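Read top to bottom, the protein sequences are chains A and B.
Note that this note's numbering has the first sequence beginning at 1, numbered continuously upward.
Note that this note's numbering has the second sequence beginning at 1001, numbered continuously upward.
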Amino acid sequence: MKKSFLLLPALFLLAFVNPGNDITIKGSDTVLPLSQKEAEVFMKKNTGSNITVVGGGSGVGITALIDGNTDICMSSRDLKMEEKLKLKEKNIVQKTIAFDALAIIVHPSNKVDKITREQLEGIFTGSITNWKEVGGADLKIVVYSRESSSGTYEFMKEHVMAKKNYASTVLSMPATGAIVQSVEQTAGAIGYVGLAYLDKKVKTLSVSFDGKTFVKPSMAAAKDKTYPVSRPLFYIYAGASEAKVKSFVDYILSTDGQKVVQEVGYVPVK
Amino acid sequence: MGKRLTKFTERVIESTLMVSGTFTSVIVLLIILFLFSEGAGLFNQTPMEKGYVVAVNTANPVSTLSPAEFKNVYDAKIKTWKSLGGTGDSIKVFRVDDIAGYYTEEQIGSNFEHLGACISELVAKTPNIIAFFPREYADKDFKGKVISLKKITIGSFISDREWFPTAQPVAQFGVLSLILGTLWVSLAAILFALPLGLATAIYLAEIADSRVRNILKPLIELLAGIPSVVYGFFGLIVIVPLIKNIFHLDVGETALAGSIVLGIMALPTIITVSEDALRNTPRAMKEASLALGATKWQTIYKVSIPYSASGITAGAILGIGRAIGETMAVLMCTGNSAIIPHSLLQPVRTIPATIAAELGEAAQGGLHYKALFALGCILFIITFVINLTVEFISSKRRGGSHQ
């Protein structure tokens, strides 16, 4: 009876013993499926390593990097000025590991096929409220967005909405999957998701930034940069962690790693 | 010898229980104190990001602005200085990142050495500019005028209507829409769950025969064990389209969807606890009532329920606590849109969902973080008030029925 009591705390303490290389990756939900797949493949090849991947949004990852709670921060947006100032002493390294196209999705029954940047800005800031103002049916526009912790949210705000704030009536969904689900079941819906999350039940719009050439989002269009709403995906880490994370980051940038990038649905760097 | 040992063991057990009871109560009080101390740090601060200032040209008569005015200026909703009390020119909006449009990299310096001088020059030569930049560049050589911002007070926090904690340059901290959203969803959930839960408890305790009870009770207890994310997902996929089709709305994510899901989540707790309380009414009392000629329903209404009122109240409070504080399910079904709801058929944003969605990215100790703790305090006060009301009502009933 006494001996089995001693065994329990010993087993409990064993859980904290971690031999080998432990890497924590936190941040963007857009980069999450990519990091997970890369980590799986990498851990199969290097059995000693242990990689933990956590989502939450680019904002969460960057805060964790500032507080020292993660080794690598995955981000789908660039660092803001204030974040760069806070990270000045850490000598951070920012590596582009893939490119992603941001697709604007609507319900399949929506007659609208193409849209300009100004119209998108109007829709997301709340000045355009009905589909007939952009050439569709007389239907109220229902706007779905991510929460403010998302890099995708910030990217939309900076590049498509010219830094203006979203309207208060925009519906904030906690994850990209929820946006796809909601757009599938609401006729007047519009939302934005990464290329990797597209499925057949939603329709994508062709986007134009100059009002003349409209480009549909696809892997090829994102690769040759003709699709205007595309963005680099980053791995950001402190210079001090370079030795720890080097093997994983090098793997992602190698031909094998970039092949995985393409499989998951993102655009490889080369 | 045996007697002394037993007395000693009894004293040890008593003191262990007293220590753990005191310890638990002290921890709960400390958590509440932590919550309020973090939240209180929000007030009497300016909602400008720390280390940043906003400045205008020295010729501009405007010297102070409210957070809402700032936001509307940077969103191009206010376009001229006239509406803010200045001279009629159109407003030129400037952020630090825009500096590349005015000066080349050599003029700014590779390590931003001349950035302060460039900003100062730009402000001095553009009379209608409003500039937002880090405080370190507003040094003594700065040729512009720094505008002050109205501070956050408890009144403005509660009554302002816009919640944009990450807006730049000035974050908007107005929680009226969040409080109203929480109240609408929670009260509707309670209205849905309490009567239904009590009715089911009465049915299970008094009316159902033992075969039915033996099947239903474990099923209901099973319902209590389902994770809230599953409920949220169920709500998003089943209830949201259902509401959209029944009421012919543009969007199904509404307060009603949230309250139905919350009501279903609170039900098992209310039913289980109330049913146990009702079953503990002594048979002697029930049989005495029946013997005096009362019908079964009169016995339930006048004898069983008053006797188990404290148990039913406990079940109600637990259920209400679940309904108000539940985060994940509400986050997925209500649309999280920070507007003031006028009916149950509009999307709302509740306080628990706001805290859950935003606490991860709020920098520790920053303004956003403190605002979320202040929201937590408000949630605590709402729950406390509702629990007190329930206790008060039930004690009145108990006091009233002892005639």
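Note that beta-carbon positions come from the ideal geometry of N, C-alpha and C, so glycine has one too.
Values in this document were obtained by computation on a predicted structure and should not be read as measured data.
Relative to the C-alpha of residue i, which candidate in the options has its C-alpha closest?
{"i": "lysine 1145/B", "options": "Phe1094/B, Gln1107/B, Ala1059/B, Val1028/B", "result": "Ala1059/B"}
{"i": "leucine 1331/B", "options": "Ile1190/B, Val1028/B, Thr1182/B, Leu1187/B", "result": "Thr1182/B"}
{"i": "phenylalanine 1234/B", "options": "Pro1195/B, Pro1169/B, Glu1049/B, Thr1334/B", "result": "Thr1334/B"}
{"i": "asparagine 1336/B", "options": "Ile1027/B, Ile1179/B, Gln1168/B, Val1028/B", "result": "Ile1179/B"}
{"i": "glutamate 1038/B", "options": "Ile1386/B, Phe1373/B, Val1390/B", "result": "Phe1373/B"}
{"i": "proline 1061/B", "options": "Phe1133/B, Ser1148/B, Leu1122/B, Arg1004/B", "result": "Ser1148/B"}
{"i": "valine 193/A", "options": "Ala103/A, Glu133/A, Thr96/A", "result": "Ala103/A"}
{"i": "threonine 1046/B", "options": "Lys1370/B, Gly1315/B, Asp1075/B", "result": "Lys1370/B"}
{"i": "leucine 1204/B", "options": "Asn1387/B, Glu1221/B, Lys1050/B", "result": "Glu1221/B"}
{"i": "lysine 86/A", "options": "Thr63/A, Ile97/A, Arg77/A", "result": "Thr63/A"}
{"i": "valine 267/A", "options": "Thr24/A, Met219/A, Ser35/A", "result": "Met219/A"}
{"i": "alanine 1055/B", "options": "Ile1130/B, Lys1082/B, Asn1072/B, Arg1095/B", "result": "Ile1130/B"}
{"i": "serine 241/A", "options": "Lys45/A, Arg77/A, Val41/A, Ile92/A", "result": "Ile92/A"}
{"i": "phenylalanine 42/A", "options": "Glu147/A, Val261/A, Gly265/A, Ile252/A", "result": "Ile252/A"}
Quick check on residue i: buried or exposed, where buried means 16 or more other Cβ atoms within 10 Å of its Cβ?
{"i": "asparagine 110/A", "result": "buried"}
{"i": "asparagine 1245/B", "result": "exposed"}
{"i": "aspartate 71/A", "result": "buried"}
{"i": "valine 245/A", "result": "buried"}
{"i": "aspartate 1105/B", "result": "A small correction: the amino acid at residue 1105/B is glutamate; aspartate does not occupy that position in the sequence shown. Per the 10 Å Cβ criterion, exposed."}
{"i": "glutamine 1346/B", "result": "buried"}
{"i": "phenylalanine 1008/B", "result": "exposed"}
{"i": "asparagine 1280/B", "result": "exposed"}
{"i": "threonine 1200/B", "result": "buried"}
{"i": "glutamine 1298/B", "result": "exposed"}
{"i": "alanine 238/A", "result": "buried"}
{"i": "aspartate 199/A", "result": "exposed"}
{"i": "asparagine 1214/B", "result": "exposed"}
{"i": "glutamine 1172/B", "result": "buried"}
{"i": "proline 1195/B", "result": "exposed"}
{"i": "threonine 1024/B", "result": "exposed"}
{"i": "proline 1352/B", "result": "buried"}
{"i": "lysine 164/A", "result": "buried"}
{"i": "proline 1165/B", "result": "buried"}
{"i": "serine 1107/B", "result": "One detail in the question is off: residue 1107/B reads as glutamine in this sequence, not serine. Its Cβ having fewer than 16 others within 10 Å, glutamine 1107/B is exposed."}
{"i": "glycine 1088/B", "result": "exposed"}
{"i": "isoleucine 1013/B", "result": "exposed"}
{"i": "alanine 1100/B", "result": "exposed"}
Report back the beta-carbon spacing between residue i and residue j to the nearest angstrom; my notes put them in contact at under 8 Å.
{"i": "leucine 1344/B", "j": "serine 1274/B", "result": "Not a contact, Cβ separation roughly 26 Å."}
{"i": "lysine 80/A", "j": "serine 206/A", "result": "At roughly 30 Å, the Cβ-Cβ gap does not stay under 8 Å, so lysine 80/A and serine 206/A are not in contact."}
{"i": "serine 149/A", "j": "glycine 56/A", "result": "7 Å"}
{"i": "alanine 1255/B", "j": "proline 1127/B", "result": "Rounded, the Cβ-Cβ distance is 48 Å, inconsistent with contact."}
{"i": "leucine 1262/B", "j": "isoleucine 1152/B", "result": "Their Cβ separation, rounded to whole angstroms, is 31 Å, which puts leucine 1262/B and isoleucine 1152/B out of contact at 8 Å."}
{"i": "valine 249/A", "j": "alanine 189/A", "result": "Rounded, the Cβ-Cβ distance is 38 Å, inconsistent with contact."}
{"i": "valine 202/A", "j": "alanine 98/A", "result": "No, valine 202/A and alanine 98/A are not in contact; Cβ-Cβ is about 22 Å, not under 8 Å."}
Mind listing the chain A neighbours of residue i? Cutoff is C-beta to C-beta under 9 Å, in chain order.
{"i": "leucine 1065/B", "result": "The premise fails here: leucine 1065/B is roughly 16 Å from chain A at the closest Cβ pair, so nothing lies under 9 Å."}
List, in chain order, every chain E residue whose beta-carbon is nearer than 7 Å to that of residue i.
{"i": "serine 1156/B", "result": "In the structure shown, chain E does not exist; the protein chains are A and B."}
Looking only at its own chain, which residues have a Cβ that is under 8 Å from the Cβ of residue i, when we skip the five neighbours before and after it?
{"i": "alanine 187/A", "result": "His107, Ser109, Asn110, Leu139"}
{"i": "methionine 1265/B", "result": "Ser1228, Tyr1231, Arg1322, Ala1323, Glu1326, Ala1329"}
{"i": "glycine 1109/B", "result": "Leu1115"}
{"i": "proline 1169/B", "result": "Met1048, Glu1049, Tyr1052, Val1054, Phe1070, Tyr1074, Arg1095, Phe1132"}
{"i": "glutamine 1403/B", "result": "Legend: pLDDT at glutamine 1403/B = 41, less than 50; position of this residue unreliable, value from coordinates given subsequently. Hits under 8 Å: none found."}
At 7 Å on the CB atoms, spell out the chain A contacts of residue i, in chain order.
{"i": "lysine 1071/B", "result": "Asn165"}
Who are the Cβ neighbours of residue i in its own chain at under 6 Å, not counting the five residues just before and after it?
{"i": "valine 1053/B", "result": "Arg1135, Ala1138, Val1146"}
{"i": "alanine 221/A", "result": "Val215, Tyr227"}
{"i": "alanine 101/A", "result": "Leu195, Pro217, Ala222, Tyr227, Ser230"}
{"i": "proline 19/A", "result": "Any answer about proline 19/A is weak, because its pLDDT of 49 lies below 50 and its placement is not dependable; what the coordinates show is given next. Excluding sequence neighbours, proline 19/A sits near nothing in its chain."}
Along chain B, which residues have their Cβ under 7 Å away from the Cβ of residue i?
{"i": "alanine 178/A", "result": "Leu1236, Met1332"}
{"i": "methionine 81/A", "result": "Val1096, Asp1097"}
{"i": "glycine 188/A", "result": "Asp1250"}
{"i": "glycine 59/A", "result": "Glu1361"}
Please list, in chain order, the chain B residues whose beta carbon lies closer than 8 Å to that of residue i.
{"i": "glutamine 271/A", "result": "The first residue shown for chain A is 1 and the last is 270, placing residue 271/A beyond what the model contains."}
{"i": "valine 142/A", "result": "Asp1250, Val1251"}
{"i": "valine 170/A", "result": "Ser1337"}
{"i": "proline 232/A", "result": "Simply none; closest approach about 17 Å."}
{"i": "leucine 85/A", "result": "Gly1051, Pro1134"}
I want to verify the contact list: residues of chain A whose CB lies under 8 Å from the CB of residue i, in sequence order.
{"i": "threonine 1313/B", "result": "Result: empty, since nearest Cβ-Cβ is about 34 Å, beyond 8 Å."}
Within a Cβ cutoff of 7 Å, which residues of the same chain sit near residue i, ignoring the five residues on either side of it in sequence?
{"i": "serine 1066/B", "result": "Lys1150"}
{"i": "alanine 175/A", "result": "Asp29"}
{"i": "isoleucine 1355/B", "result": "Leu1372, Leu1375, Gly1376"}
{"i": "serine 1120/B", "result": "Asp1141, Phe1142, Lys1143, Gly1144"}
{"i": "methionine 1285/B", "result": "Val1303, Tyr1307"}
{"i": "glycine 61/A", "result": "Lys26, Gly27, Ser28, Thr70, Cys73, Met74, Ser75"}
{"i": "glutamine 262/A", "result": "Pro268"}
Can you tell me whether residue i sits near the ligand HEM, meaning its C-beta is under 7 Å from at least one heavy atom of the ligand?
{"i": "serine 1063/B", "result": "Looking at this structure, you won't find the ligand HEM or any other ligand, since it has none at all."}
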